[in-house]
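Down below is the structure, laid out as structure tokens.
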Amino acid sequence: MPQTSHRSTSRVLDVFDLLANASGGYTLTEIARVLSSPKSSMLPILQTLAARNYIELKDGRYFIGPSLYFAASVYRKQISVNKFIDMEMNRLASSIEESAILAVRQGSKALFIHMAACPEPVYCQKYVGQTEDGPRGALGKALLCDFKLDELAQLVAKDGIRLPEPLNLYQAHVQMEEARVVNIAYESGEIEYAIHCIASPIRCEGRIAAALGIILPTFRLTPKKSADAEHNLRLAVQKIENVIAASDEDIQEIFSINGFRNL
14 MPQTSHRSTS RVLDVFDLLA NASGGYTLTE IARVLSSPKS SMLPILQTLA
64 ARNYIELKDG RYFIGPSLYF AASVYRKQIS VNKFIDMEMN RLASSIEESA
114 ILAVRQGSKA LFIHMAACPE PVYCQKYVGQ TEDGPRGALG KALLCDFKLD
164 ELAQLVAKDG IRLPEPLNLY QAHVQMEEAR VVNIAYESGE IEYAIHCIAS
214 PIRCEGRIAA ALGIILPTFR LTPKKSADAE HNLRLAVQKI ENVIAASDED
264 IQEIFSINGF RNL
């Protein structure tokens with residue numbers, strides 16, 4: 014957690030993040046376990062939020078309440094989807110202290126359209142407008158994970174991509190199949206030596222519109238950081254998908270380089 018975080022405030026926001034992505038709600042015991050906080054600490058926070066209607070308690074389970082819904086509705090009307098994505102990517106980069114990057118599919122390649130820079134002085138250099146071979150990187154695997162093997166082969170042949178040994182198209186497709194099941198794709202040095210990447214597809218009406226990833230230099234990668242990155246990435250993607258679903262903005266315009274200009 015960054016040093017600028019206030020613990021009690023962070024707990025409130027953690028509760029909102031947790032409940033926003035749980036249609037079945039959570040019990041006090043489950044919230045305390047997931048957030049690694051004692052029930053005695055969580056109970057007064059939940060009681061206060063419930064009293065203000067920011068969350069609701071039904072049959073022993075907590076859900077998002079009407080006050081938070083109304084606040085979010087007003088907020089969505091005041092900013093564009095692109096601005097929300099930009100803010101969420103910066104929140105993600107700050108919480109993990111690594112770079113976050115957004116990509117769309119261009120044939121069998123991943124095209125980077127937006128980036129939130131890492132606050133650390135040493136980080137992986139990628140830039141908007143850059144492309145990389147989809148079957149090799151985590152972002153590309155996330156973008157291509159719905160493709161069947163023969164469809165993927167046609168895309169790769171059309172773009173003239175040659176995969177390095179020992180990776181072949183079948184192995185890449187197996188990794189994409191895994192990404193489709195768990196909504197997380199991984200990369201460990203396939204694109205750039207000593208660079209690890211975790212990515213997740215962003216879906217709109219069931220179809221993959223983009224992919225969001227976190228780039229981590231191997232020397233900073235620990236099991237805890239990897240787990241935190243995966244958890245925060247899932248939350249960010251879910252929130253972005255929720256905002257897209259409630260918006261009437263054009264999805265092609267949202268996920269374009271132009272869409273993020275002049276934010």
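Residue numbers for the sequence shown follow our numbering, so the first one is 14 and each next one is one higher. Yeah, the Cβ is synthetic: ideal placement off N, Cα and C, and Gly gets one too.
Quick one: give me the first and last residue of the alpha helix (DSSP H) that residue i is part of.
i, result
"Arg193", "182–195"
"Arg46", "41–47"
"Ile264", "264–267"
"Val256", "236–259"
"Leu162", "162–172"
"Ser201", "Unbroken run through Ser201 is the beta strand (DSSP E), 198–201; no alpha helix (DSSP H)."
"Ile58", "52–64"
"Ile96", "The sequence as given places Lys at residue 96; Ile does not occur at that position. Run containing Lys96: 94–109, per the alpha helix (DSSP H) assignment."
"Leu152", "151–157"
"Arg274", "Run containing Arg274: none; DSSP gives neither H nor E here."
"Arg20", "20–33"
First and last residue of the beta strand (DSSP E) that includes residue i?
i, result
"Gly226", "220–230"
"Asp146", "144–146"
"Pro214", "208–217"
"Arg118", "112–119"
"Ala123", "122–129"
"Glu69", "68–71"
Pop quiz: residue i and residue j are said to be a contact at Cβ under 8 Å. What is the actual Cβ separation, rounded to whole angstroms?
i, j, result
"Ile221", "Asn95", "Going by Cβ atoms, the distance from Ile221 to Asn95 rounds to 18 Å, so no, they are not a contact pair."
"Tyr116", "Leu156", "Contrary to the premise, residue 116 reads as Ala rather than Tyr in this sequence. Contact flag correct, Cβ pair sits at about 7 Å."
"Leu32", "Ile68", "6 Å"
"Leu182", "Leu165", "7 Å"
"Val28", "Leu70", "Their Cβ separation, rounded to whole angstroms, is 12 Å, which puts Val28 and Leu70 out of contact at 8 Å."
"Asp146", "Ile174", "5 Å"
Assign residue i to one of two classes, buried (16 or more other C-beta atoms within 10 Å of its C-beta) or exposed (fewer than that).
i, result
"Val195", "exposed"
"Gly37", "exposed"
"Leu124", "buried"
"Pro15", "Confidence at Pro15 is low in this model, with a pLDDT of 45, below 50, so the placement of that residue should be treated as unreliable; the coordinate-derived value is given next. It is exposed - the Cβ of Pro15 has fewer than 16 other Cβ atoms within 10 Å."
"Ala192", "buried"
"Met128", "buried"
"Ala223", "buried"
"Lys215", "Note on identity: in this sequence residue 215 is Ile, with Lys being the wrong assignment. By the 10 Å Cβ count, Ile215 comes out buried."
"Ser213", "buried"
"Tyr140", "exposed"
"Arg118", "buried"
"Leu180", "exposed"
Give me the residue from the options with the minimum Cα distance to residue i.
i, options, result
"Asn249", "Ser93, Ile114, Ser54", "Contrary to the premise, residue 249 reads as Ala rather than Asn in this sequence. Minimum Cα distance to Ala249 is reached at Ile114."
"Thr144", "Lys161, Gly120, Cys131", "Gly120"
"Pro132", "Ile270, Gly147, Met102", "Met102"
"Ser23", "Leu180, Asp146, Ser54", "Ser54"
"Cys210", "Val28, Pro79, Tyr199, Glu110", "Tyr199"
"Gln265", "Pro177, Cys217, Lys171", "Cys217"
"Leu77", "Gly272, Tyr39, Leu180", "Contrary to the premise, residue 77 reads as Ile rather than Leu in this sequence. It is Tyr39 whose Cα lies nearest to the Cα of Ile77."
"Asn271", "Asn255, Arg46, Gly142", "Gly142"
For residue i and chain C, any beta-carbon pair shorter than 8 Å?
i, result
"Glu254", "No chain C is present in this structure, which holds just one protein chain."
Evaluate the contact criterion for the segment 51–64 versus the segment 186–200: three or more CB pairs, one atom per stretch, below 8 Å.
no
Assess, as a yes-or-no matter, whether the segment 141–156 is touched by the segment 224–240 under the definition of 3 or more beta carbon pairs within less than 8 Å.
yes
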